[in-house]
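The sequence shown maps to residues 1 to 609 in this note's numbering. From the three backbone atoms N, C-alpha and C, an ideal C-beta is built for every residue, glycine too. Below: one structure, written as structure tokens.
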Amino acid sequence: MCGIFGYVGKVDVGQTLVTGIRRLEYRGYDSWGVAIGGDDGLTLFRRVGRVSQVDEPFKLAAAKSWGGIAHTRWATHGEPAERNAHPHMDGAARFAIVHNGIIENHAVLRDRLRAQGCVFQGETDSEVIVHLIASLYDGRDPRAAFVGALRLLRGAYAVAMICADAPGTIFIARDSSPIVIGRADGCAVVASDPCAIVPFTRDGIYLADGEVCALREDGYRIWNLKDEPVEGVVQKLAYDLESVERGTFKHFMLKEIYEQPRTIRDAMRGRLARGSGTTRVDGLGLTEADIRRIRSIRILGCGTSWHAGLVGRYLIEEMARIPTVVEYAAEFRYAARVLEPDTLVIALSQSGETADTLGALREAKRLGATVVGLCNVVGSGIARECGRGLYLRSGPEIGVASTKAFTSQLVVLALLALHFGRVRGMSLADGVRFLDALEALPDQAEQILGNTDAIAEMGRLVAGHRNALYVGRLYEYPLALEGALKLKEISYIHAEGLPAAELKHGPIALVDKDMPVVTLAAQTGAFEKMKSNIEEIRARGGRILAVCREGSEDLRSMAERVICIPPTLDPFVPILGALPLQLMAYYAAVERGCDVDRPRNLAKSVTVE
Ligand code: M6R
């Protein structure tokens, strides 16, 4: 949930570090810091708040330096404060480290180091790393001290270290938290996320778990924890600069919402087999016999990914008739679950880094399940742990609120459900019907985004309220949950998503003239029932904001505001219906003056439990 950036080279070291870490600010942004290595040893700058301009002493230190490391933080252990911001230094200012992840045995290590006379500045788990390294240093071999310390750590880490006695080198290590290095003309860079590397080079080397690297301007060496040399594998980084810049959009979230016609298309590209009315999902590594053998499916995820999983359940049960359960990853992980034989577990994650999902996945493997991952970030921890699955192909998602990754998850789940359905008895005609509807989605998404005035107006209307309800049935129930989550996350308006039929069993008590109720009524199958629910809400004075399909004009007389989306098959309604809900939340947040891309208390990837 934090960002690491490091640079060795000659070009304005201070500015390069600040620019690099700003690119990663979406991962965490309550404090930041930089450690610079130069002729006079190491110099440290730490600040609370967003990455800001640097002051004179910083510029002076940077002018005489060979490189440095930088960090942007999302607090887990210890409040956001300068003393808790990274980099952390040892008492002699010989070592500086930045860390992503969690050191689980930090309390034991802290006690041991304190007993040796170590003075801690803050409360973070990360600070133990630097004191541990210093305590193991023999004055000659910083790498040996680094490796020695890593061997004592329990938990997850990506760490970068500089040492006053090793000018020109950044030492890096990884266990469970991603880190990538790259080299370009006259410089070398390291970052926790490729988006900070691509301005320098498209060739990156991801460290694997247990690997340690010494990175210099003119090259790098990699070892495993047994100190054996390892060959780094150079990979093309699938990021282009445009995808990590905001361009003319005011916010990344808005840009990412508008990318959806393309990302929906990309999620399907090359995966539709029209002639046979099915899809190509070879990445799952499941033969037709394997698919026929599946007795149940368990989908695991968190937040928006969990909502996508709920839609996935409806898709799989309708198309493939396989009993499916969707669970919050953290609940699955610790609940002593029982999996029946031949259960397929699907891990859903945009980042592929979410600690709860990764942990749940490992538990599912321990229980003997076959696991597949549907992730966006290529080479991420969850993708690697599964070893097979399908990538979402939505490109980097920088806005903290997930948007385009959600619709891509729905598309990929639909491809999986359709393929399983065809293997398990769905007719060719039905297969083709679903494929036709899928193929129409990108243009339909374009159409929605071509006329957003009514959506913006609806967002501004909601902005004036303290609460909102979202209701829907069947495929639009998870969509109601997702719409409510989007609103909460970025506008801080309290919102709840509900199955529309549940309203009358309690929550309808909340409805009065101050309660906007976003009613999702774009499915044909649930339309008449939704009309009855709308009447119930109207009878209690609630303000109806309806999302329906083109042609349902009779809703205009029942609702205060109506947004129409193009007609599609009911299973794909959430894909189109997500767009107006995302935009509505966006405009509500803008109206309330909220920081859309960096909502309070949140971070993009949640790599802690
Ligand atoms: O990267 P993941 O999909 O595993 O992340 C799961 C959730 O943390 C994430 O969806 C979160 O709920 C977002 N902030 C939603 O907008």
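Contact test: residue i Cβ vs the ligand M6R heavy atom, cutoff 8 Å
i: Glu609; result: no
i: Leu491; result: With the sequence shown as reference, residue 491 is identified as Ser, and Leu is not the correct amino acid for it. No.
i: Glu353; result: yes
i: Ser402; result: yes
i: Val326; result: no
i: Ser305; result: yes
i: Cys548; result: no
i: Leu479; result: no
i: Thr357; result: yes
i: Ser605; result: yes
i: Ser349; result: yes
i: Cys302; result: yes
i: Lys486; result: yes
i: Ala360; result: no
i: Leu413; result: no
i: Leu390; result: no
i: Ala405; result: yes
i: Leu602; result: yes
In DSSP terms, what residue i is bridged to
i: Lys348; result: Looking at the sequence itself, residue 348 is Leu, so the reference to Lys does not match. Leu348 is bridged to Leu374.
i: Val212; result: Ala173 and Trp223
i: Pro516; result: Arg543
i: Val189; result: Tyr7 and Gly182
i: Arg321; result: Answer by DSSP bridge pairing: none, since Arg321 is not bridged.
i: Met161; result: Ile97 and Phe171
i: Tyr391; result: Cys375
i: Asp203; result: Lys236
i: Pro229; result: Trp223
i: Ser408; result: Per DSSP, none; premise fails for Ser408.
i: Ala521; result: Cys548
i: Asn467; result: His494
i: Cys564; result: Cys548
i: Val326; result: Ile299
i: Arg73; result: Ser31
Residue i versus residue j: straight-line alpha-carbon distance, rounded
i: Val128; j: Ala149; result: 10 Å
i: Val159; j: Leu215; result: 13 Å
i: Val230; j: Ile222; result: 5 Å
i: Tyr586; j: Ser126; result: 35 Å
i: Lys236; j: Gly182; result: 10 Å
i: Leu449; j: Val432; result: 27 Å
i: Pro261; j: Pro442; result: 4 Å
i: Val590; j: Leu461; result: 12 Å
i: Ala440; j: Asp430; result: 16 Å
i: Phe5; j: Gly525; result: 51 Å
i: Gly506; j: Met515; result: 15 Å
i: Thr287; j: Arg280; result: 12 Å
i: Arg265; j: Ala414; result: 13 Å
i: Pro499; j: Ala480; result: 8 Å
i: Pro80; j: Gly101; result: 16 Å
i: Val13; j: Gly41; result: 15 Å
i: Gly91; j: Gly117; result: 10 Å
i: Ala156; j: Gly459; result: 40 Å
i: Glu256; j: Tyr7; result: 29 Å
i: Leu474; j: Ala144; result: 58 Å
i: Asp55; j: Val233; result: 39 Å
i: Trp74; j: Gly247; result: 26 Å
Residue i CB to nearest heavy atom of the ligand SAH below 8 Å
i: Cys594; result: Looking at this structure, you won't find the ligand SAH anywhere; what it does contain is the ligand M6R.
Proximity of residue i and residue j at Cβ, strictly below 9 Å
i: Thr519; j: Ala501; result: no
i: Asn376; j: Leu392; result: yes
i: Gly303; j: Pro167; result: no
i: Met161; j: Ile133; result: yes
i: Thr16; j: Gly9; result: yes
i: Leu555; j: Ile537; result: no
i: Gly497; j: Val471; result: yes
i: Cys195; j: Leu24; result: yes
i: Arg549; j: Pro574; result: no
i: Ile493; j: Leu485; result: no
i: Thr72; j: Arg112; result: no
i: Ala308; j: Gln582; result: no
i: Val11; j: Gly186; result: yes
i: Ser552; j: Ala578; result: no
i: Ala437; j: Leu569; result: yes
i: Arg598; j: Tyr29; result: yes
Where in the stretch 244 to 316 do unbroken runs of the alpha helix (DSSP H), each at least 4 residues long, occur, reported from the N-terminal end onward?
252 to 258, 260 to 268 and 288 to 293
Which whole runs of the beta strand (DSSP E) in the stretch 1 to 53 are 3 residues long or more, in chain order?
3 to 9, 31 to 38 and 41 to 48
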